[in-house]
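*Asks:* Sharing a structure with you now.
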Amino acid sequence: MSESKFLRHAPCPNPGCNSSDGLAVYDDHEHCFVCDYDKQYAKEKKASPFPRSVSPMNEITFDLFTEHRAIEKKTLDLYSIGLKDDYIIFQYRDKKNQFCAQKIRALTPGADGKRKTVWRGQAREVTGFGMHLANPAKHDKLVICEGELDAPSIYQAFNGKIAAVSVPNGAAHAAKFVREHLDELLKFQTIVVATDNDDPGDEAADKIMALFQPGKVRRAVLPRKDANATLQEMGGHVLKEAIEAAKEIRPDGIRPASDYAGIVLQPPDRTATDCAFAFWNSKTPFYDNQFVVLIAGSGIGKTTFARSLCLHLMEEGIKCGWMGLEESADEAIFRFVGMAAGIQLHARQSYSTLTADEMKRIEQADRFVCGSGSLELFDHFGSLDEEVILNRMQYMVRSLGCRFVFLDHLTIVSSGLAQDTRHLDSLITKIRSFIADTKCTVFAISHLSRQQGQNFENGDVPELQAIRGSHGIVQLADTIWALGRKRGTNKTQSHCLKNRMLGRCGYSGSFEFDENTQSLNHFWDDPVMS
72 MSESKFLRHA PCPNPGCNSS DGLAVYDDHE HCFVCDYDKQ YAKEKKASPF PRSVSPMNEI
132 TFDLFTEHRA IEKKTLDLYS IGLKDDYIIF QYRDKKNQFC AQKIRALTPG ADGKRKTVWR
192 GQAREVTGFG MHLANPAKHD KLVICEGELD APSIYQAFNG KIAAVSVPNG AAHAAKFVRE
252 HLDELLKFQT IVVATDNDDP GDEAADKIMA LFQPGKVRRA VLPRKDANAT LQEMGGHVLK
312 EAIEAAKEIR PDGIRPASDY AGIVLQPPDR TATDCAFAFW NSKTPFYDNQ FVVLIAGSGI
372 GKTTFARSLC LHLMEEGIKC GWMGLEESAD EAIFRFVGMA AGIQLHARQS YSTLTADEMK
432 RIEQADRFVC GSGSLELFDH FGSLDEEVIL NRMQYMVRSL GCRFVFLDHL TIVSSGLAQD
492 TRHLDSLITK IRSFIADTKC TVFAISHLSR QQGQNFENGD VPELQAIRGS HGIVQLADTI
552 WALGRKRGTN KTQSHCLKNR MLGRCGYSGS FEFDENTQSL NHFWDDPVMS
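Quick note: the sequence shown, position 289, residue 360 per the numbering used here, numbers continuous.
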């Protein structure tokens, strides 16, 4: 077919197609790029030059050319862009960098003024166009564009020194695509949004920038409609200058009080959620945009308390993220389902002693925990690096829609026990910034330091100064809860040590844990009054 001579476009003769101009007529055959109809004048041809299967994509013989729209051949080759007759083909890859789909677009508009576009292959599997060239170890900066010719235009202008990717389906779907691939994009130090210089492009840019924290994202304003038009009409140096001049989206934080006039005439935009424990609610409910910390000695049951609070939120229809750094995701599921079913599961070697009613409760709890869409878990595979943890928290909240993130526990983050005070202070500050940025609530567990004359594993109630390693937790947390239990007893006392919102502190009820039903019984037994 590479030697065939193109003659004209014509209506497709296939009754099921009805395309008015999708048929390409050659001197020895004809082919429809819409429905894959193909007819050889000498004999029938079994294979189409654009087959539906993905594997033979490399059989396409592209036309010979030196450049296209001011993009050099070597850059087009890097991005897997080719020309065939009156069409341009963009070959997309999946997350494994394997070819998975082709986007085929007519070079000239049809009678309706639009250029015909069809997809071949697994279009749902595609990642950003050009993502295979983006390497966070090599590129500090990644540019997000609209059209497939914009990314290689920028890549060429910078001689490959920055990464540039295009979204596959234009401005209307750009933010959705970026949200779904946020985990990959967050690996880059700086994100530059270079969507088209028109209303849809501006709207897409606003939505994309809202997905990233301030300071990480910049907006490039192009002097022409898009990056490729700028390259063609003004040259690579002008395009490079426009990208380098991208402005950081960061508020200055200084505003006059007059800007806020009248806002107190309506209640604040704040959501308060009751937690699982009634006497804790009497101190303070869970508010959005808060950092809540639970402290206790070893073996007191901090994770059990956190899990009970998480399950209650899930029952209220609130999506939660669970980052259990001392357990695998499998173990977490056994404990979550067991607590929801009221049956101890995680330590059983056999279910043979369970009744039919108990098995039914387990099945119902499994459907709720695993099938309701209310829980996302971090399966850390032993990786406890600080940046990995923070990026996964970002993904849980921004991409998956979690309103609460449970982190168990703070002092294990960063590849082991992070006992360096400055390291923990930095981590706590980043978590506080993350909360302010996303308006979510983070419930974190913290361990304690050993205090002379105090035994937190034998009844002593922790105080704020006993928190291990960092006073930043005390300073930046909104609410701090403490647990204490005497050795040999099953009664755990709880206290509120800090309550930024309402100021109510002190004894907050006692608990008894039922191992058989995996439940916490909450009651009032104030040690001061007894």
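A virtual CB, placed ideally from N, CA and C, is assigned to each residue, including glycine.
Residue 331: buried (16+ other C-beta within 10 angstroms of its C-beta) or exposed?
*Replies:* It counts as exposed.
*Asks:* Nearest to residue 379 by CA position, among 164, 135, 583, is which residue?
*Replies:* It is 583.
*Asks:* When you compare only the Cα positions, how much space is there between residue 110 and residue 99?
*Replies:* When rounded, the distance between both Cα atoms is 9 Å.
*Asks:* How many Å lie between residue 102 and residue 187 at the Cα?
*Replies:* So the alpha carbons of these two residues sit roughly 15 Å apart.
*Asks:* Which residue's Cα is closest to the Cα of residue 404: 342, 440, 268?
*Replies:* Answer by Cα proximity: 440.
*Asks:* Anyone know if the C-beta pair for residue 543 and residue 516 falls short of 7 Å?
*Replies:* No, the Cβ-Cβ distance between residue 543 and residue 516 is not below 7 Å.
*Asks:* Hey, which unbroken runs of the alpha helix (DSSP H) at 4 residues or more fall wholly within the region 430-511?
*Replies:* As far as the region 430-511 is concerned, its whole alpha helix (DSSP H) runs of at least 4 residues are 457-465, 492-509.
*Asks:* From the DSSP secondary-structure annotation, give me the bridge partner or partners of residue 591.
*Replies:* The partner list for residue 591 (beta bridge, DSSP) reads 584.
*Asks:* Assuming residue 469 and residue 213 are in contact, meaning their beta carbons sit under 8 Å apart, how far apart are those beta carbons, in whole angstroms?
*Replies:* Not quite, the Cβ-Cβ distance comes to about 17 Å (not below 8 Å), so this is no contact.
*Asks:* Please say whether residue 374 and residue 479 have beta carbons closer to each other than 7 Å?
*Replies:* Yes, Cβ-Cβ distance for residue 479 and residue 374 is below 7 Å.
*Asks:* Counting beta carbon pairs with one atom in the region 334-349 and one in the region 279-288, are three or more of them shorter than 8 Å?
*Replies:* The region 279-288 is not in contact with the region 334-349.
*Asks:* Do the CB positions of residue 410 and residue 449 come within less than 7 Å of each other?
*Replies:* No, they are not a contact pair.
*Asks:* Please state if the CB of residue 573 and the CB of residue 553 are separated by a distance shorter than 7 Å.
*Replies:* Not a contact, by the Cβ cut-off of 7 Å.
*Asks:* Taking residue 576 as the reference, which of 565, 143, 585 has the closest Cα?
*Replies:* Answer by Cα proximity: 565.
*Asks:* How do the region 497-512 and the region 420-434 stand: do at least 3 beta-carbon pairs fall below 8 Å, yes or no?
*Replies:* Contact between the region 497-512 and the region 420-434 is absent, because fewer than three Cβ pairs lie under 8 Å.
*Asks:* By DSSP's criteria, residue 238 is part of a beta bridge. Which residues make up the other side?
*Replies:* Note: residue 238 sits in no beta bridge, so no partner.
*Asks:* Do residue 377 and residue 477 have their beta-carbon atoms positioned less than 7 Å apart in this structure?
*Replies:* Yes, the pair counts as a contact, with Cβ atoms nearer than the cut-off.
*Asks:* Could you check whether residue 447 and residue 392 sit closer than 7 Å to each other, using their CB atoms as the reference points?
*Replies:* For residue 392 and residue 447, yes; Cβs fall inside 7 Å.
*Asks:* Rounded to the nearest angstrom, how far is the Cβ of residue 135 from that of residue 157, given a contact under 8 Å?
*Replies:* No, residue 135 and residue 157 are not in contact; Cβ-Cβ is about 15 Å, not under 8 Å.
*Asks:* At 3 residues or longer, and completely inside the region 187-215: list those beta strand (DSSP E) runs for me, N to C.
*Replies:* Fully enclosed beta strand (DSSP E) runs of 3 or longer: 188-192.
*Asks:* Enumerated in chain order, which unbroken segments of the beta strand (DSSP E) with a length of 3 residues or greater are wholly contained in the region 323-387?
*Replies:* With a minimum length of 3 residues, the continuous beta strand (DSSP E) runs that stay inside the region 323-387 are 362-366.
*Asks:* Taking the alpha-carbon positions, what's the residue 173 to residue 591 distance?
*Replies:* Approximately 56 Å between the Cα atoms of the pair.
*Asks:* Any idea if residue 596 is buried or exposed, counting beta-carbon neighbours within 10 angstroms, 16 or more meaning buried?
*Replies:* Result: exposed.
*Asks:* Sort out for me which residues DSSP pairs residue 253 with in a bridge.
*Replies:* For residue 253, which the question treats as bridged, DSSP gives no partner whatsoever.
*Asks:* Determine, for residue 165, whether the minimum Cβ-Cβ distance to residues of chain B falls below 7 Å.
*Replies:* Among the chains in the structure shown there is no chain B, since it carries only a single protein chain.
*Asks:* Excluding sequence positions up to five away, which residues of its chain have a Cβ less than 6 Å from the Cβ of residue 365?
*Replies:* Answer for residue 365: 373, 516, 552, listed in chain order.
*Asks:* Buried or exposed: residue 201, going by 16 or more other Cβ atoms within 10 Å of its Cβ?
*Replies:* Classification for residue 201: buried.
*Asks:* Where does residue 292 land, buried or exposed, given buried means 16+ other C-beta within 10 angstroms?
*Replies:* So residue 292 ends up on the exposed side.
*Asks:* If you follow the alpha helix (DSSP H) that residue 224 is part of, which residue opens it and which one closes it?
*Replies:* Residue 224 -> alpha helix (DSSP H) spans 221-228.
*Asks:* Taking 7 Å as the limit between beta carbons, can you name the residues of its chain near residue 257, skipping five residues before and five after?
*Replies:* Result list for residue 257: 462, 465, in chain order.
*Asks:* Given that a residue counts as buried once 16 or more other Cβ atoms are within 10 Å of its Cβ, and exposed if not, what is residue 594?
*Replies:* So residue 594 ends up on the exposed side.
*Asks:* Leaving out five residues on either side along the sequence, give the residues of the same chain with a beta carbon under 6 Å from the beta carbon of residue 223.
*Replies:* Here the set comprises 142, 146, 150.
*Asks:* Residue 81 to residue 97, Cα distance in whole Å?
*Replies:* About 11 Å.
*Asks:* Can you tell me whether residue 304 is buried or exposed, with buried defined as 16 or more other CB within 10 angstroms of its CB?
*Replies:* By the 10 Å Cβ count, residue 304 comes out exposed.
*Asks:* Taking residue 168 as the reference, which of 197, 189, 176, 190 has the closest Cα?
*Replies:* Here the closest residue by C-alpha is 197.
*Asks:* Checking the sheet assignment: what are the DSSP bridge partners for residue 218?
*Replies:* Bridge partners of residue 218: none, in fact.
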